[in-house]
Amino acid sequence: MNNYLYIAFIPLLPLASFLVLGLFGRKYFKTFSGTVGTASLLASTILSLYTAYHYFFIDGKVNGVFQQIIAFKYTWLQFSPNISIDMGIILDPISVMMLVVVTFVSLMVHVFSLGYMKGEERFATYYAFLSLFTFSMLGLVLSSNIFQIYMFWELVGVSSFLLIGYYFEKPSAVAAAKKAFIVTRFADLGFLIGILILAFYSGTLDFGVLINKLTSIQSPEYLNITAASFLGASMLTWGLTLVFIGGAGKSAMFPLHIWLPDAMEGPTPVSALIHAATMVVAGVYLVARLFPVFSIDVTALQIVTYVGAFSALLAAIIACTQTDIKRVLAYSTMSQIGYMMFALGVSKYGGENGLGYMASMFHLFTHAFFKSLLFLGAGAVIHLVHSNEMKDMGGLRKLMPITHITFLIACLAIAGIPPFAGFFSKEEILLAAFNSNKLIYGIAVFTSGLTAFYMFRLYYNIFWSKEADIHEIHHGEGTFSMKLPLLILGALALTSGFVPIASLVTSDGAVLETHIDFGFSALPVLLAVAGILLATYLYKRENSKPQTIANSLGSLYKAAYKKFYIDEVYLFITKKIIFNLIGRPAAWIDKNIVDGFMNLLANTTAKISELIKGLQSGKVQNYALYFFGGIIGLAALFIYLWK
Amino acid sequence: MNLSFLILLPFVTAIAILFCNGLKQVRTVALIGTAAQFLLSIDLLFVYWKERTTGNNSPFLFDFNYTWFAPLNIHYHIGVDGISVAMILLTAFVVIAGVLVSWTQESMNKEFFFLLLFLSVGAYGYFISLDIFTLFFFLEVAVIPKFLLIGIWGSGKKEYSAMKLALMLMAGSGLVFVGLAGLYYGTNFNGERTFDLLQISQMHINILFQKIFFPFAFIGFGIFTALFPFHTWVPDGHSSAPTAASMFLAGISMKLGGYGCLRVATYLMPEGAHYYAWVIILLSTIAIIYGAFATMMQKDLKYINAYSSFSHCGFVLLGIGMLTQTSINGAVLQMVSHGLMTALFFAAIGMIYSRTHTRMVEQLGGLLKVIPFISTVFVIAGLCSLGLPGFSGFVAEMTVFMGAWQNPDQWYRLATILACASIVVTAVYILRAAGKTVMGPITDHHYNNLSDATWNEKLAAGILIIGIVAIGIAPFWLNQLITPGTEHIMEHVGKAITLK
């Protein structure tokens, strides 16, 4: 066994960078802050790659099966003799893979931002927040305790709040940041109650013990949690579903996805980091982390499946109609995460049946690279034209050749065209779906056609369509620091499909044999090609065909463009119901009834004392009167009683 | 360690202030006195640790007993356990921060600082008392100065608020006194009645007595800690008080109630607590969720924090009502955490108010750009309030939830879920306040000329933030500190309940 303690430095380096930049950045580092943040993350990335190398190729495997290694554990808060929050570091295939993904994408974003954010007044703050986010995300990935993951989960939420609201003088950015935080917090409430349920029945918060106890059919914990039921579902189903709600909030699954498109108010590199590769896949990671338990509860797993598949389809339809390029990408992210979710949902634990799990992780891996590439490319475009709207773009391919080529590669990758990265992972997902649920398979194949269509609609609108208005544009493609990440990620979007995830990251740690069946792949690839051709026909040159189609679809198009009015529904619930029907009455009752009663009590006392204070007038005559009156009264009383 | 120094030092400082001339002398003396007290409290923590690690297992350490009033068997009996040490530390942190934020208090400065110090005498005495009559005495010492602080240096409808606060707290004290008297007459210790906490705890008080007098004691103390529906002094009192008094009121004074509910009502009348647990849980759940919704609609920053204190103190009572080891730990953690956090919040609001001359959320905006330090403090206090990990609020709330869930009653579970739901509402009102006040565009061009925090304000905020973060990132020390104390209480509760 190797000493894995150095892994603690992977999250701690960004934390140190956050503290240093947050406390002293504005005064002492200024423009040098970017270098500090990037350097610390470079070190983290190197350590992560080293960890991955060590884990996957040297000592992670025992008898051909990858083991779970607890590299470090410290009791942080003891609730009761058995239940405690431990700060630990867990190493298993998914956490090691995520380490690499998170540090690598974060490093690319750090480098890209050196150019993109140059000249910003709060440059140091930006890098401090970026480091804080990376720290939280790494902590989340490495968590060995379900409460530890919840803590980092919340930290990820708040650092995303800070980053989305980076341009805090813009009311729209503040609103978006608030929305993202509150929606995910609402989901986290589910997560928290889920933790309480699982912890109560399993008697532990430790992932290893918890999974062990709840998956062994004979254990008293398992028997208890499945025997107890509420509203017709067992407590195990409740616990897992509630935990999944937390995951669905962070991963922008329907109906908790409404924050994601608005979150695009943040600086674009931030979107590449948070809303493409890291935070939004946290929900997928959480389900994968608890997958052994999920796999024995059919109901919970089915909820995961259908929520994932529906989100994938819904987001793809909406993406076809949006005109803000970042929003298109946001919906595309939601759709792709839907793929990862339902891939987990159709999977089982162990062996051949664990294909979906592997496929989901594979897609998470490849998606991280091509989606962050798409966002960074979009960032470069926005940097140039100073707008997010498609109508301000067009014909940019000659002005920004590197962005153009890498963006094209990423589009092909996400569309699932061989041999680009997305093809391999998507094929595995489709195969897993095909093997278990034909309805899900149908949705998935249809959505992959839509994906190709909306991505190429985006591509043509940015780089072709009309001719660029050269006079409007004052500078070139961007600095070297902006081009370098595009090139590296472009190379990965091309090649990461060849990484043998099947033999590294599987549900039970054993190697999974997979092969590409060309007969099976033909349909989805053909559909994707059809989608691309349709997009080419409609959008390569500026014309009136798209408008005509939109008009002929009428209200359907409008509904999709308006995101199916889900935002309006939420607005109605929060503004009309929660504020007006709960908040306002609560405040009113407190002021008028509860406090009113106290005031009434005080006023009545005051009034009574007002009434009786006249008795103490200080006048001797009055007192004499009362005195004699009293005597006469008493005398009368005594005489009466005596009789 | 002689615990009487904890009372003596602030008392001497308060007297010394009376002989000072001018603001500079007054505040220097006040700062020296509170700083010495601060160090003394930290020293107490270490001495206490040392004593515990050397194996001293008696429930209360450093005790000292002196017969004060023999005919009624009243003793000046003092001593500390981990819970008291935690509360003393809290008091020391809040008082020194309070002195620092009042640094430029011009009008009647001598009287102001005198009352502030005098209040702290009451609080320290209260937390170390082991004789319930002495405890009651110190509780009263801590009420009267508040009336004056609000009535004289307050703002807005200060006379009304001061009167309301004093009357309601006095009513609370009255109820407490009935409860204590009931206890006294229920005791029979070697043929003698006693006020001594330890002696009472060793005997079994008649169950009927407990059922009658527990509500008096609990509601009485509960009024101090904003028990629904007796919380209405909180919003008015806090918002009319000057900054330091608000900090003291919410940070320490409300904790006097929680401490009393635990130390006197629950510890001495465990069967009463068990019998009335459902009432406590019902009222505290209402406080938590209804308080949170009421906070959402407030427009004045001080009202927002006052209502949120009402909601947060509900967690203290909920933790006590659930009567499990973990939930009571959570209640104590929440007292400490909320004390520090709300003091920080009031300090930040005070700093904003003294510059912008308004506390209305609607009128403020974009302060992060002009006064970044104060705005950051404000945001940190807000994040702590909404229970962000890394700050103390998270630790305390999660311990309460975890402990509450261990109580297997179905209805209590429902209450726990409702209490959990408040974390979402909290996020809404905190982000609403922060989003409008410190973020967004600057609403008034005068704000462009505001100056950021001065050294004393920075120091005050720094001290409180250190406390919050020390609990937030390393809660185990505080948890270990208080656990023997809460275990002792729970042992007692458990024994009494099984006996029945």
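Going down the list, the protein sequences come from chains A and X. Each residue of the first sequence is one higher than the one before, starting from 0 at the first, in numbering that gives the first Met the number 0. Each residue of the second sequence is one higher than the one before, starting from 0 at the first, in numbering that gives the first Met the number 0. In this text, a Cβ means the ideal position worked out from N, Cα and C, and glycines have one as well. It should be emphasised that the depicted structure is a prediction, and the values quoted were computed from it without experimental measurement.
Cutoff 9 Å: A:Ser-79 Cβ touching any chain X Cβ = Here residue 79 of chain A is taken as the residue at index 80 of the first sequence, counted from 1. For A:Ser-79, a Cβ of chain X is located within less than 9 Å of the residue's own Cβ.
Does A:Met-0 get closer than 9 Å to chain X when you measure Cβ to Cβ?
-> Taking the first residue of the first sequence as position 1, residue 0 of chain A is located at position 1. Per-residue confidence for A:Met-0 stands at a pLDDT of 46, beneath the threshold of 50, marking its modelled position as unreliable; the derived number appears in the next sentence. False, the Cβ-Cβ gap to chain X never drops below 9 Å.
Where in the stretch 85-152 of chain A do unbroken runs of the alpha helix (DSSP H), each at least 4 residues long, occur, reported from the N-terminal end onward?
-> 92-115 and 122-141
From X:Leu-168 to X:Gly-221, what distance separates their C-alpha atoms?
-> Working through the second sequence from its first residue, we reach residue 168 of chain X at position 169. Working through the second sequence from its first residue, we reach residue 221 of chain X at position 222. The straight-line gap from Cα to Cα measures roughly 10 Å.
Runs of alpha helix (DSSP H) wholly within the stretch 497-559 of chain A (minimum 4 residues, chain order) | 517-538 and 544-552
9 Å Cβ cutoff, A:Leu-76 in contact with chain X = The residue given as residue 76 of chain A occupies position 77 in the first sequence. Yes, its Cβ sits closer than 9 Å to a Cβ of chain X.
In chain X, which residues lie with their C-beta within 7 Å of the C-beta of A:Leu-582?
-> One-based indexing of the first sequence puts residue 582 of chain A at position 583. First, the amino acid is wrong: residue 582 of chain A is Gly here, not Leu. Result: Phe-292, Met-295 and Met-296.
Runs of beta strand (DSSP E) lying entirely within the stretch 215-291 of chain A, each at least 3 residues, in chain order | Within the stretch 215-291 of chain A, no complete beta strand (DSSP E) run reaches 3 residues.
Identify, in the order they occur along the chain, each residue of the same chain with its Cβ nearer than 8 Å to the Cβ of X:Asn-187, setting aside the five sequence neighbours on each side.
-> Within the second sequence, residue 187 of chain X is the residue found at index 188, counting from 1. If we look at X:Asn-187 and ignore the five residues flanking it on each side, its Cβ neighbours are Met-202.
Closer than 9 Å, CB to CB, is A:Gly-164 near chain X or not?
-> Position 165 of the first sequence, counting from 1, holds the residue named residue 164 of chain A. With 9 Å as the cut-off, A:Gly-164 counts as an interface residue toward chain X.
What separation, rounded to the nearest whole angstrom, lies between the Cα atoms of X:Ser-101 and X:Thr-242?
-> As a working note, residue 101 of chain X is residue 102 in the second sequence. As a working note, residue 242 of chain X is residue 243 in the second sequence. Rounded to whole angstroms, X:Ser-101 to X:Thr-242 spans 8 Å at the Cα level.
Pull up the distance between the alpha-carbon of X:Leu-118 and that of A:Gly-156, whole angstroms please.
-> As a position in the second sequence, residue 118 of chain X is number 119, starting the count at 1. As a position in the first sequence, residue 156 of chain A is number 157, starting the count at 1. Near 40 Å, if we compare the C-alpha coordinates of A:Gly-156 and X:Leu-118.
Residues, ordered as in the chain, of the stretch 181-203 of chain A that lie near chain X by beta-carbon distance below 7 Å | Ile-181, Arg-184, Phe-185, Leu-188, Leu-191, Ile-192, Leu-195 and Phe-199
At least one CB of chain X closer than 9 Å to the CB of A:Lys-177: is that the case?
-> In the first sequence, the residue the question calls residue 177 of chain A occupies position 178. With its beta carbon less than 9 Å from one in chain X, A:Lys-177 belongs to the interface.
Under a three-way DSSP split, which group does X:Leu-367 fall into?
-> Against the second sequence, residue 367 of chain X aligns to sequence position 368. Three-state DSSP puts X:Leu-367 in a helix.
According to the neighbour-count rule (16 or more other Cβ atoms, all chains shown, within 10 Å of its Cβ), is X:Thr-52 buried or exposed?
-> Here residue 52 of chain X refers to the residue found at position 53 of the second sequence. Its Cβ having fewer than 16 others within 10 Å, X:Thr-52 is exposed.
Just how far apart, CA to CA, sit X:Phe-309 and A:Ile-148?
-> On the second sequence, position 310 is the one that residue 309 of chain X refers to. On the first sequence, position 149 is the one that residue 148 of chain A refers to. Between X:Phe-309 and A:Ile-148, the C-alpha separation is close to 30 Å.
Closest Cβ-Cβ distance between X:Ile-496 and chain A: below 9 Å?
-> Along the second sequence, read from residue 1 onward, the residue named residue 496 of chain X stands at position 497. No, X:Ile-496 does not count as interfacial toward chain A.
Does DSSP put A:Thr-365 in a helix, in a strand, or in coil?
-> Taking the first sequence and counting its residues from 1, the one referred to as residue 365 of chain A is at position 366. Of the three classes helix, strand and coil, the one that applies to A:Thr-365 here is helix, per DSSP.
Determine, using beta carbons only, whether X:Ile-416 comes closer than 9 Å to chain A.
-> By one-based count along the second sequence, residue 416 of chain X stands at place 417. So yes, X:Ile-416 belongs to the interface.
A:Ala-492 beta carbon less than 9 Å from that of A:Phe-341 = What you label residue 341 of chain A is simply residue 342 of the first sequence in a count that begins at 1. What you label residue 492 of chain A is simply residue 493 of the first sequence in a count that begins at 1. Taking 9 Å as the Cβ cut-off, A:Phe-341 and A:Ala-492 do not qualify as a contacting pair.
Taking all protein chains shown into account, do 16 or more other C-beta atoms lie within 10 angstroms of the C-beta of A:Asp-516, making it buried, or fewer, making it exposed?
-> One-based indexing of the first sequence puts residue 516 of chain A at position 517. Exposed is the call here.
Bridge partners - A:Glu-388, DSSP secondary structure assignment | Position 389 of the first sequence, counted from the first residue, corresponds to residue 388 of chain A. Bridge partners of A:Glu-388: A:Asp-323.
Straight-line gap, X:Ile-496 to X:Phe-217 (C-alpha atoms, nearest Å) = Here residue 496 of chain X refers to the residue found at position 497 when the second sequence is read from its first residue. Here residue 217 of chain X refers to the residue found at position 218 when the second sequence is read from its first residue. One C-alpha to the other measures close to 18 Å.
Go ahead and pull the three-state DSSP assignment for A:Asp-566.
-> The residue you call residue 566 of chain A lines up with position 567 of the first sequence. Looking at A:Asp-566 - three-state DSSP - the assignment turns out to be helix.
Rounded to whole angstroms, how far is the Cβ of X:Ala-286 from the Cβ of X:His-230, which I believe are closer than 8 Å?
-> What you label residue 286 of chain X is simply residue 287 of the second sequence in a count that begins at 1. What you label residue 230 of chain X is simply residue 231 of the second sequence in a count that begins at 1. The pair is a contact, with the Cβ atoms about 7 Å apart (cut-off 8 Å).
Range covered by the alpha helix (DSSP H) that runs through X:Thr-66 | Counted from its first residue, the second sequence places residue 66 of chain X at position 67. That residue, X:Thr-66, is in no alpha helix (DSSP H); its beta strand (DSSP E) goes 60-68.
Compare the beta carbon distance of X:Leu-255 and X:Leu-385 with 9 Å and say whether it is the shorter of the two.
-> For the purposes of this step, residue 255 of chain X is taken as the residue at position 256 of the second sequence. For the purposes of this step, residue 385 of chain X is taken as the residue at position 386 of the second sequence. No. Outside cutoff.
Short check: CB of X:Ser-421 to CB of X:Ala-291, under 9 Å?
-> To locate residue 421 of chain X, count along the second sequence from 1; it is residue 422. To locate residue 291 of chain X, count along the second sequence from 1; it is residue 292. Yes, these two residues count as a Cβ contact at 9 Å.
Express the C-alpha separation of X:Val-376 and A:Ser-608 in angstroms, rounding to a whole number.
-> Residue numbering aside, residue 608 of chain A sits at position 609 when the first sequence is read from its first letter. Residue numbering aside, residue 376 of chain X sits at position 377 when the second sequence is read from its first letter. For A:Ser-608 and X:Val-376, the distance between alpha carbons rounds to 48 Å.
For A:Lys-72, which residues does DSSP report across the bridge?
-> As a working mapping, residue 72 of chain A is identified with position 73 in the first sequence. Per DSSP, A:Gly-87.
Touch check for the stretch 169-177 of chain A and the stretch 263-279 of chain A: three-plus C-beta pairs under 8 Å?
-> At 8 Å Cβ cutoff, the stretches touch.
Residue range of the alpha helix (DSSP H) that X:His-74 falls in?
-> Within the second sequence, numbered from 1, the residue matching residue 74 of chain X stands at position 75. Where X:His-74 is concerned, there is no enclosing alpha helix (DSSP H), although the beta strand (DSSP E) it sits in stretches over 73-79.
Using a cut-off of 7 Å between C-beta atoms, extract the partners of A:Asp-594 located in chain X.
-> Indexing the first sequence from 1 puts residue 594 of chain A at position 595. Thr-231, listed in chain order.
How about X:Ala-240: is its C-beta nearer than 9 Å to some C-beta of chain A?
-> On the second sequence, residue 240 of chain X is found 241 positions in, with the first residue counted as 1. No, X:Ala-240 lies away from the interface with chain A (no Cβ there is under 9 Å from its Cβ).
Since A:Ile-82 is in the alpha helix (DSSP H), which residue starts that stretch and which ends it?
-> Numbered from 1 along the first sequence, position 83 holds the residue referred to as residue 82 of chain A. Element bounds for A:Ile-82: n/a, residue is neither H nor E.
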